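Take the position in the sequence shown, starting the count at 1, then add 627; the result is the number in the numbering used here. Scroll down for the structure; my scribbles are underneath it.
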Amino acid sequence: MTALSFQSNSALPTVGSPAPTQEIAEEGTVHSARRPTVVHLGKYYHPSRGGIETHVRDLARGLVRNGYATKVVCINDQSADPRRRFGVITRTPDARTEDEGVSIFRAGRIANVMRLDVCPRLTWALRQEIEGCDLIHLHLPNPTMMIALARLRPQVPVVVTWHSDIVRQRIAAKILYPLESWTLRNCRQILVSNPRYAEGSESLRPYADKLKVVPFGMPLERYLSPSPEVLSRADQLRAQWPGPIWLSVGRLVYYKGMHVAIEALRDVPGTLVIVGSGSKEAELRALAEKQGVQDRIVWMGNADDQTLQALYQIATALWFPSIARSEAFGLAQVEAMASGCPVINCEIQHSGVPWVSAHGESGLTVPVESAEQFAAAANQIHSSETLRAELSSGARRRAEELFNLQAMVDRTGREYETLLRKRS
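Written as structure tokens, this is what we have:
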């Protein structure tokens, strides 16, 4: 299949015509008087929590350090008035900020309906933001940005990072399929975080010639070498709860499989600390009451970074019971691994989750939806100090080798380099 760039074939004006290509070093680092400009199109941005938001932030910051002029265009979900009426979130304004050299434009929305942001001015704003850029990097799934980009049809190369298929929302997936197909057909490169997910994605199958595996990376130093403040916080937390301490980190939504963790806790000693919030929280609290484990669960909500790092230090293992391919990678696994915390995850078919933390190396992997085997894995780690030490060491090693941030930034930069040189 021949890779195509976005071309104009409508009455809409084309935008984003690039400046002359600049010299780029072999490791994706720019050495030039004029830095190439890359515009990332995300859904939201830090401090919004989520795997895509964390990835876009870390990659954008890293690209700035590597010499790229980096912008992020996303939706402003930081509402001062977060009231909901009939599932519709109240409006937010446009906002412009900067984050460690990254220029961020948050487009205001008038509503969020069925997880779709309604932003009438987005296309106009996006046209201004990508004017004169050299490359656009679109992070999917993101229907709102796909629609805006398709209307503009920019002439510069477009790179897509495929974070996840649309798995559960089947009606939405069918509606978006033509737009999604057009986007993938016309982009130059598709980056995926792991080979397992790419192999199982029906959406990506026709575009195998465009796929490149670039594992997600993140700043690991704070997990590998925690600060004295984090260690002090860890001591405070350890004193609060009887051991062992089990940790779960993530939004409380269906595919995270937290019902499996709560059911498993019946057969495991200790305390389960849950970091995160979401639409399933009330349902999960009711399940904990029903299972008789409510007194051994700590609902932390959205913990600050220092507290989260401390929790990784004291946890016997991270419980990662996700059950569906909506969980494509699981960055919380990497955070835990870098902290020396073993991971218990599930064998989700065609998901990167059991690839990120490998069975017998950095943790244990059990069948999906099996609370009994999840509990057995937890008891196995708790009862054997030797096993836990081996998994802890293997987890640190795997995190450093595969998922460090600079390696991801350099690999991404090399993909940019190839595309920009082809245009010269």
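We put the beta carbon where it would ideally sit given N, CA and C, even for glycine. For clarity, every value in this text was computed on a predicted model and none was experimentally measured.
If I'm right that residue i touches residue j with Cβ under 8 Å, what's the distance once you round it to whole angstroms?
i, j, result
"residue 983", "residue 967", "16 Å between Cβ atoms; not a contact."
"residue 959", "residue 938", "Not confirmed; about 11 Å, so no contact."
"residue 889", "residue 914", "5 Å"
"residue 985", "residue 1024", "Not a contact, Cβ separation roughly 11 Å."
"residue 749", "residue 734", "5 Å"
"residue 973", "residue 949", "6 Å"
"residue 882", "residue 951", "4 Å"
"residue 699", "residue 672", "6 Å"
"residue 940", "residue 861", "4 Å"
Apply the 10 Å Cβ neighbour rule to residue i and answer buried if 16 or more other Cβ atoms are within range, or exposed otherwise.
i, result
"residue 1035", "buried"
"residue 955", "buried"
"residue 1042", "buried"
"residue 731", "buried"
"residue 804", "exposed"
"residue 744", "buried"
"residue 751", "exposed"
"residue 943", "buried"
"residue 837", "buried"
"residue 610", "In this structure the chain extends from 628 to 1051, so residue 610 is not present and cannot be described."
"residue 713", "The pLDDT assigned to residue 713 is 46, lower than 50, so where the model puts this residue is not dependable; a value taken from the coordinates is nonetheless given after this. It is exposed - the Cβ of residue 713 has fewer than 16 other Cβ atoms within 10 Å."
"residue 772", "buried"
"residue 653", "With a pLDDT of only 47 at residue 653, under the threshold of 50, the placement of this residue in the model should not be trusted; the figure read from the coordinates follows. Counting Cβ neighbours within 10 Å, residue 653 comes out exposed, since fewer than 16 surround it."
"residue 693", "buried"
"residue 1044", "buried"
"residue 922", "exposed"
"residue 1037", "buried"
"residue 1056", "The displayed coordinates of the chain run from 628 to 1051. Any statement about residue 1056 would go beyond what the structure contains."
Any idea what DSSP makes of residue i, helix, strand or coil?
i, result
"residue 872", "strand"
"residue 927", "strand"
"residue 670", "coil"
"residue 847", "coil"
"residue 956", "coil"
"residue 691", "helix"
"residue 1008", "helix"
"residue 739", "strand"
"residue 922", "helix"
"residue 1033", "helix"
"residue 840", "strand"
"residue 857", "helix"
"residue 664", "strand"
"residue 727", "coil"
"residue 774", "helix"
"residue 862", "helix"
"residue 894", "helix"
"residue 944", "strand"
"residue 686", "helix"
"residue 719", "coil"
"residue 951", "coil"
"residue 677", "coil"
"residue 980", "helix"
"residue 1046", "helix"
"residue 1020", "helix"
"residue 912", "helix"
"residue 832", "helix"
"residue 887", "helix"
"residue 880", "coil"
Spell out the partners DSSP gives residue i in its beta bridges.
i, result
"residue 986", "990"
"residue 973", "993"
"residue 903", "928"
"residue 734", "702"
"residue 789", "767 and 819"
"residue 762", "665"
"residue 745", "738"
"residue 934", "Answer is none; residue 934 lacks a bridge partner."
"residue 697", "665"
Given a cut-off of 9 Å on the beta-carbon distance, is the pair residue i and residue j in contact?
i, j, result
"residue 1046", "residue 815", "yes"
"residue 892", "residue 924", "yes"
"residue 1030", "residue 822", "no"
"residue 909", "residue 965", "no"
"residue 879", "residue 904", "yes"
"residue 935", "residue 969", "no"
"residue 779", "residue 818", "no"
"residue 902", "residue 1006", "no"
"residue 703", "residue 687", "no"
"residue 665", "residue 764", "yes"
"residue 768", "residue 793", "yes"
"residue 811", "residue 777", "no"
"residue 828", "residue 977", "yes"
"residue 681", "residue 885", "no"
"residue 847", "residue 1027", "yes"
"residue 963", "residue 876", "yes"
"residue 1001", "residue 971", "yes"
"residue 582", "residue 762", "The structure shown does not extend to residue 582, since the chain spans only 628 to 1051, so no value can be given for it."
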